[in-house]
Every structure is written in C-alpha cells, then in structure tokens.
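Peer 1: In the working numbering, the protein residues as written are 2 to 306. Below are the structure tokens for one structure; questions will follow.
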Amino acid sequence: MKVGFIGLGKMGGRMAGKLLSEGHEVVAWNRTLETSNNAKKTYDNLIIAEDIENLIKSLDKPRIIWIMVTHTALDEILGEVKKFVELGDVVIDGGNSNYKDTDRRFEEFTNLGVNYLGIGTSGGILAEKNGFPFMIGGHRKAYDYIKPILDSLSKPNGGHEYFGIGGAGHFVKMVHNGIEYGQMQALGEGFEVLEKSKYSLDLNKVAELYGKGTIVSGFLVDRLKDALDKDAGLSNSAGPISASGEADWTVRSAEEEGIEVEIIDESLEFRQKSQTDEKIQNSFTAKVVNALRLEFGGHEIEKKD
2 MKVGFIGLGK MGGRMAGKLL SEGHEVVAWN RTLETSNNAK KTYDNLIIAE
52 DIENLIKSLD KPRIIWIMVT HTALDEILGE VKKFVELGDV VIDGGNSNYK
102 DTDRRFEEFT NLGVNYLGIG TSGGILAEKN GFPFMIGGHR KAYDYIKPIL
152 DSLSKPNGGH EYFGIGGAGH FVKMVHNGIE YGQMQALGEG FEVLEKSKYS
202 LDLNKVAELY GKGTIVSGFL VDRLKDALDK DAGLSNSAGP ISASGEADWT
252 VRSAEEEGIE VEIIDESLEF RQKSQTDEKI QNSFTAKVVN ALRLEFGGHE
302 IEKKD
C-alpha cells in the first residue's frame, strides 16, 4: 500500500522503515528538515514531501495519513491535514493521545466524511525488529482497509486488535502505560532491596535468571538485563524520572469510575517527587526505572540544573 507518514521521530522513523522493508511505499514529512534528511539517508526509498499538502496530494485515494507526533502538537497538525483530506480518506493518530481527545477528533473527522483511527502503539524502539502491538479504535472499515499495513508492522511477534469506536484504542493503551508504571516501579524497588542486601549479589545474574521462565519474567526483566550488561551498577542512570502523561490519565479515569489504583498512583507520585528530590534521583529504584525507559523507549534522562 501507499501511506503518508507525518513524524519521523524514534517510533515514526522506525515504522516508516519497517513498512518500506515490507514493500509498501511511504511518503513522509517531518517538521524538522534535519530529521527528514537523516531518515532519507537511512532509508533510500523513502520519499520526503515538501509539506503536508504535497504529502497528501501525492497519495492514492482513499488516502492513508499516519501521524506520529506528540499529543501536544497533534491538533495543529490535524488542522493542516483537514485542509486537504477528502471523503473516504483515512487519518490515523498513532501517538499517545488522551482518549477523550480522540473521541472529539473522531467526531470532527466523521462529520467531514473522513475515517479516523486512534491507534495506541507499543513495543518501543525494539518493535521495528520484534513487531509492533497496536490497540485500535475508530472507524471499523478504516481498520479493515489498513490491515495490510498493520500486518506488516506487527511482524513477527506483534499484533493488532480493534476495540471499538472513538478513543477505545487509546483508552486501552492508556491503561497499558499505567500498568507499565507499576511494573517498572516494582522492579526498581525489588532490585534496590537486592542491591542493598548483605550478600553482594550479582544483579546481572539475578536479572538473567528472573528472565528464564519465572513468574516475573518478561519484556521488562529482559530490558533490565540489557541495561545491567552495559552498566552493572546503573551509575549513569541516576536522575529525575520523566512521566509522559498516560499514568496520570489512568489515575484520573479510575477516579471517575470510582476505582482505586494505588500502585499506579504511587508509582506516578514517585516520578513526580524525583523531579526535585535528590535522594530519590540517586536511589537504585530510580536508576532501574530510568535504565528501563532508555532500553525500551530510547528515553534519555533529562538532567536538572
């Protein structure tokens, strides 16, 4: 298929590259020209558009426009996209948007006769190799139409599921990220207990064994093993822990539903305190969480002055 891609950052660039490797045609635009040029150097057959208008006009009808930008920049981008899309086109938000905003945008594009999808994208920077998992909401017929793209992006071990209209997909992804916060916090706290014990434990060996079919084995334990391979004491991972918003949205949604989510709430509070509390910044728990964020998402630590 032929797809227009807006946003060539850590995730968008890798997704565009994976589509090209699967035989799809990709026309892309990124606000920063340097990022576009770097992507072109990496992927020779990537077509770079001058602007959003040229990108959309170069696509086959019904057009597919996949957007991978931050949720704070999305409305501005969508405002430009609206000028050029036509009846039956498909517009996809593959970023981490609040599901309530996706509900609103779904209605706006429905009124234009344009099919809108809010797709929660997971898997981090490793998904280019492992396969992207997609949590999808919006127009069902648009989901069915773009399945060849989703099938390619999810190879070999990812997947995609449709969950309903509007912001359903982003709601599922929001809760996923809330759970992720709790799991990362538990790993950090557990490994701090190990690190402070009297036994002088080899944490690399602990992580490796934990990953061999134990109850806590899985993606995050594997990434912690990767981080410890590079830096056994995680000495370069001290600092404040960034929070991108999804855990906060999960807590607020739980409050609206009358549900207590203490673990997610407390893990979010830990990150918030880490912005100013040097003791937390230097704790092994914070080092583990920061190291995990770097390993699966490429998130560098934002050092405070």
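Note that the Cβ used here is the ideal one computed from N, Cα and C, for glycine as well.
#1: Quick check on this structure: which residue in Gly170, Met16, Phe135, Ala228 has the alpha carbon closest to the alpha carbon of Ala290?
#2: Is the beta carbon of Met12 sitting closer than 8 Å to the one on Met69?
#3: Might you give, ordered along the chain, the residues of its own chain that have their beta carbon closer than 8 Å to the beta carbon of Ile126, omitting 5 neighbours on each side?
#4: Within this structure, are the beta carbons of Gly170 and Ile242 separated by less than 8 Å?
#5: Can you tell me whether Leu21 is helix, strand or coil according to DSSP?
#6: Label Glu247 either buried or exposed according to how many other C-beta atoms from any shown protein chain fall within 10 Å of its C-beta, with 16 as the threshold for buried.
#7: Buried or exposed for Asp230, please, with buried defined as at least 16 other CB atoms from any protein chain shown within 10 angstroms of its CB.
#8: Need the endpoints of the alpha helix (DSSP H) that Pro149 sits in, please.
#9: Would a C-beta distance cut-off of 8 Å place Asn99 and His72 closer than the cut-off?
#10: Could you check what DSSP says for Ala187 in three-state terms: helix, strand or coil?
#11: Check whether the Cβ of Asp94 lies closer than 8 Å to any Cβ atom in chain D.
#12: Expressed to the nearest angstrom, what Euclidean distance is found between the alpha-carbon atoms of Val207 and Leu225?
Peer 2: Let me lay it out:
#1: Looking at the sequence provided, one finds Val at residue 290 rather than Ala. Comparing Cα positions, the closest option is Ala228.
#2: Taking C-beta atoms as the reference points, Met12 and Met69 count as a pair closer than 8 Å.
#3: Listed in chain order, the non-local C-beta contacts of Ile126 below 8 Å within the same chain comprise Lys11, Met12, Arg15, Phe297, Gly298, Gly299, local neighbours out to five positions each way being set aside.
#4: In this structure, Ile242 does not lie closer than 8 Å to Gly170 by Cβ.
#5: In the three-state scheme derived from DSSP, where H, G and I count as helix and E and B as strand, Leu21 is classed as helix.
#6: Note on Glu247: 16 or more other CB atoms within 10 angstroms of its CB, so buried under the neighbour-count rule.
#7: By the 10 Å Cβ count, Asp230 comes out exposed.
#8: Run containing Pro149: 148-155, per the alpha helix (DSSP H) assignment.
#9: Closer than 8 Å, so yes.
#10: In the structure shown, Ala187 adopts helical secondary structure according to DSSP, grouped into three states.
#11: Among the chains in the structure shown there is no chain D, since it carries only a single protein chain.
#12: Roughly 10 Å separates the two Cα atoms.
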